[in-house]
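Undergrad:
Chains as they are written, first to last, in full-length UniProt numbering: chain A, 1 to 416; chain B, 1 to 416.
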C-alpha cells in the first residue's frame, strides 16, 4: 500500500468552510475571533468539534482539563497513539487560523486517510487543546501542559481572570476538573505533530509553502527599572540631571545596535515602557521597560545578555541613574525531533511541495511536547506575516499544502 | 528720609507664622497644600487674606476674576500703582511657599514701610493673584492674564476641569465673573515686582541669598509621533522591523547629546512618553513623546530645534519609521526691566544681602507682566531645588532676606 497524492486534491472548499464554521464560535463579526479558555464560545466550539469528530467516525472524548480528542484506533500497535492537532483558544480579537487551522487540518487529514486506507496500524488522535495563548488567565500552555505533566488540572494554580474568576472555578463551571473525565497526562504519546500558521513573514518572503521547524527559540523576559531624580524641566541644568528617560533611551539604543550586530536569529524587543511621573514639564525620575530576548541557542542568549547588562551597568555609572534588572521569564530553547524533521521533509518532497527548514521565534504547544515525546512543528505562510489579528490570512492553496504534507507524514508514521 | 535697614529685623517668626497659616487653607495634613482655582479652600484663603489686609490698614478689594488687592494709596502720583505679589493657587499636593511666599512677603514689606514711613508717594498694591499653575483647568496665568489683557474673565474660554465643570461656572459659583467687581485689566500698573522661591537649585549651589532674574526663558513644547509597524516579537527578524520604540530611543539619545553640547542655559526634557500597543511581546508600531525646550534667546531655540528636527528626519529615513512633529506651546522669552534689575541689585547691596543675576527656567506671573509693564522677578533659594512638593522649603533667614530686598526696592520706587 502506498500513499495516493490525489486524496487531498479536493479539500480547498472543505478547509475554508471549516475555518469559517469554527470562527463562528466567538466570532467578532469582522473576521476576528475571541475564544477564551472555559468561556461560552469556547465550550460551544469544543462540543461542536466533538460532534463533528463523532460524525466523521472518530471516537471523541474529553480529558478532565477540557482537551478534546478524536481517535481512530490502530490495528497493531495498541500501546500508544500519534497525537496531531493544536489549540482551540484565541487572543482577544485574534485571527481565524491560529490554532484552529492545526485542529481542522488534522481532522481532514485523518478522515481522508481513514476513508482511503481504513484503520491505521498505530492509533491516531486529533487533539483540540484547551489553551495555549494565556489570554484569559496569566498562564500559558494549559492544554499541552496538562497533557505532558507540566500542569495538573486536579491542582489548578491560583490564577484569576480580569473579573476575579479563578481558573479552577471557570474549569468546573464547564464541567471539567471534577474527575468526571480521564486524567490528561499522556504517557502513551508516541509523538506529536502540530501544523500551524507561521505568525511571521519568513515563508512568504522566501516563497516556500511549508516551514519545517527544527528549533523553537528560548525566551527570556526582563523588567528593567531605572531610578534617577525627578526635577523641574525648566530650572534644572542639563548637567545636573539624573534623567531616567534619557538613560532608558541610551539603554534601548545600545540594545538595538548590539542585537542587529549579533547572530541574525537573535531577536530583542522592548515592547512595554513607562516613565514616571510622565508629564511633559517634569524630568522623569523613574522609568521601566520590558526586554524580550529570543534565540534557539542557550549559549547565545547567555553571552548576549551578559554583555548587554555589563553595558547597561556602565551607562548607569556614567549617568548616575540606578538600574535594576529583574528576569521574569526563562523558557529554554527546544529542538524538534530530527527523525520527524527528516520524515517531514520527505513528505514535502513526496507530494512536491516547496519547503524550508526554519526556527520558530514564537512559542507553540510543540515546545511543551518537545520535552515529552518526539515532536514535529510544521508551518504554512501567513499573509504579510500577520497574526493575532482579524487580518490573519493564509492562501487556500497553502492551507491545502499543509494538509497534504501532514497526511503524508501521518501515513508514514501510522500506516507504514 | 532714608531707608532704615533695621525695620525688617524681627519678622522671622512673623513670615513663618503666616506661611503656616495660609497653608492651612487646603492643607493636606502632611505639609502639602492643594488649593485649586475657585475651590472652597481657595475662596476661604482669598477671603482670609482680604480680612488680613483690612486688619493691617489696607484698602482690600477683589477684581471680577478673583484677584485680590491690598492697597496703600499714594500721596503724590495718583495716576498709577506699583503692584507686588504672586499667585494664591497651588498644584496638587504642592508646597507652602510657591506663590504664597510672594504674597505674604509683600504684605509684610508694605505694612512695615507704611508703619515706618507712613503713606508712600506712589500707591502700592499687594496682589494675590487667583491662578498661575494650570492645575485645575487646562489653562495657565488666569490671574496675571486677566490683569494684563491676555484673558478677559467676562469672556472665559470653554475649558473644563476633570469633573466637567467649566471655568466660567466655577468662577460664578465663587461670586466672580458676574460684573459685581471691577474689571481686572490694569492700565494703571506702573510696574510689577514678584518675589518667589527659585524652584531650582542654582541659588543654593552658588550660596547666594537672592536671585535677580534678568530673563524668563521661552518655552516650546512639541508632541512627536512615530509610526512604524507593530509585529510579533519572536518571528520578526531584527532587519525586518520598523520599531517605533527603537526609533524613539534614537531620537531621545540624539536630543540629549545635542542639548548637553549646546548653550548651557538650554534645557531639553522628554517628560512624557507612550508606546503602543505597549505589551512586552509585540514590536511597538507607534510611539509618542513630549519635548520641552527652553532658552531665554529665541534665536538659540530656533537654531537648536531646526537642527534637531533635521536629525530626526534623517533617523526616520534610516529606520523607515515615520515621524511627525506637532508644536503645542510657543511661549516667547521675556526680559525683566533693566532699570528694575539695577535697582534690585542696589537694594541687595544696600542691605548687604548676597545676590546673583540669573535666568528663570520656570514660568512665572512676571513673564506675563513683563510684556505689559516694567517687571522685576526676585528669587529666594529652595532647599535641594525642590518645589511642587510638600518637601518645598526655604530657610527663615532667606525668607527674611527676600522681604528686606523687596522692602528696600519698594521704598526706592514708592517713597523716594
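Each residue gets a CB set at the ideal place from its N, CA and C atoms; glycine is no exception.
#1: Given that a residue counts as buried once 16 or more other Cβ atoms are within 10 Å of its Cβ, and exposed if not, what is residue 392 of chain B?
#2: Is the CB of residue 279 of chain B under 8 Å away from at least one CB in chain A?
#3: Can you tell me the Cα-Cα spacing of residue 227 of chain A and residue 72 of chain A, whole angstroms?
#4: In whole angstroms, what is the alpha-carbon distance linking residue 294 of chain B and residue 165 of chain A?
#5: Leaving out five residues before and five after residue 189 of chain A in sequence, what residues of the same chain have Cβ atoms less than 6 Å from its Cβ?
#6: Which partner residues of residue 415 of chain A appear in the DSSP bridge assignment?
#7: Using the Cα positions of residue 52 of chain A and residue 43 of chain A, report the straight-line distance between them to the nearest angstrom.
#8: Going along the chain, which residues of the stretch 134-162 of chain B sit with their C-beta nearer than 9 Å to a C-beta in chain A?
#9: Using the Cα positions of residue 326 of chain A and residue 296 of chain A, report the straight-line distance between them to the nearest angstrom.
#10: Assuming the contact rule is C-beta atoms closer than 8 Å, residue 214 of chain A and residue 54 of chain A should be a hit. Round their C-beta distance to whole Å, please.
#11: Show which residues of chain A have a CB atom less than 8 Å away from the CB atom of residue 336 of chain B.
#12: Using the beta-carbon count (16 or more within 10 Å), is residue 28 of chain B buried or exposed?
#13: Apply the 10 Å Cβ neighbour rule to residue 75 of chain B and answer buried if 16 or more other Cβ atoms are within range, or exposed otherwise.
#14: Between the stretch 309-326 of chain A and the stretch 247-261 of chain B, do at least 3 Cβ pairs fall closer than 8 Å?
#15: Whose C-alpha, out of A:218, A:235 and A:230, is nearest the C-alpha of residue 472 of chain B?
#16: Excluding sequence positions up to five away, which residues of its chain have a Cβ less than 7 Å from the Cβ of residue 386 of chain A?
#17: Compile a chain-ordered list of the residues in the stretch 184-211 of chain B whose CB is closer than 9 Å to at least one CB of chain A.
#18: At the 8 Å Cβ level, is residue 387 of chain B part of the contact set with chain A, yes or no?
#19: Distance check for residue 179 of chain A and residue 447 of chain A, CA to CA, integer angstroms please.
#20: Straight-line CA distance for residue 287 of chain A to residue 199 of chain B?
#21: Listing by chain order, which chain B residues have their CB less than 8 Å from the CB of residue 232 of chain A?
#22: May I have a chain-ordered list of the alpha helix (DSSP H) segments no shorter than 4 residues that lie completely inside the stretch 199-254 of chain B?
#23: Pairing CB atoms from the stretch 95-113 of chain B with CB atoms from the stretch 405-414 of chain B, are three or more of them under 8 Å?
#24: When you compare only the Cα positions, how much space is there between residue 426 of chain A and residue 229 of chain A?
#25: Exposed or buried, residue 242 of chain A, counting other C-beta atoms within 10 Å across all chains shown (16 or more means buried)?
#26: Would you verify that the beta carbon of residue 271 of chain B is, or is not, closer than 8 Å to some beta carbon of chain A?
#27: Touching or not, the stretch 58-67 of chain B and the stretch 352-368 of chain B, by the rule of three or more beta carbon pairs under 8 Å?
#28: Any C-beta of chain B sitting closer than 8 Å to the C-beta of residue 53 of chain A?
#29: Taking only three categories from DSSP, how would you classify residue 274 of chain B?
#30: Please work out which residues of its chain come closer than 6 Å, Cβ to Cβ, to residue 321 of chain B, disregarding the five sequence neighbours upstream and downstream, and give them in chain order.
#31: Quick one: does residue 15 of chain A have its CB under 8 Å from some CB of chain B?
#32: Name the chain A residues that come within less than 7 Å of residue 250 of chain B, Cβ to Cβ?
#33: What did DSSP end up calling residue 34 of chain A once you bin it into helix, strand or coil?
#34: Does residue 140 of chain A come out as helix, strand or coil in the three-state DSSP assignment?
#35: For residue 497 of chain B, collect the residues of the same chain with a Cβ closer than 8 Å to its Cβ; drop the 5 residues on either side in sequence, then sort them by chain order.
#36: Residues in the same chain with beta-carbon distance under 8 Å from residue 317 of chain A, minus the five sequence neighbours each way, listed in chain order, please.
TA: The answer reads as follows:
#1: buried
#2: yes
#3: 60 Å
#4: 51 Å
#5: 83 and 373
#6: Paired residues: none, contrary to the question.
#7: 14 Å
#8: none
#9: 22 Å
#10: Not really, about 37 Å apart at Cβ, beyond 8 Å.
#11: Residues of chain A passing the Cβ test: none, with the nearest at roughly 16 Å.
#12: exposed
#13: exposed
#14: no
#15: Residue coverage of chain B in this structure runs from 1 to 416, which leaves residue 472 of chain B outside it and unanswerable.
#16: 392
#17: 198, 199, 200, 201, 202 and 205
#18: yes
#19: Outside the shown range of chain A (1 to 416) lies residue 447 of chain A, about which nothing can therefore be said.
#20: 23 Å
#21: 199, 200, 361, 362, 385, 387 and 388
#22: 202-206
#23: yes
#24: Residue coverage of chain A in this structure runs from 1 to 416, which leaves residue 426 of chain A outside it and unanswerable.
#25: buried
#26: yes
#27: no
#28: no
#29: strand
#30: 226, 228, 242, 244 and 247
#31: no
#32: 253
#33: coil
#34: coil
#35: Residue coverage of chain B in this structure runs from 1 to 416, which leaves residue 497 of chain B outside it and unanswerable.
#36: none
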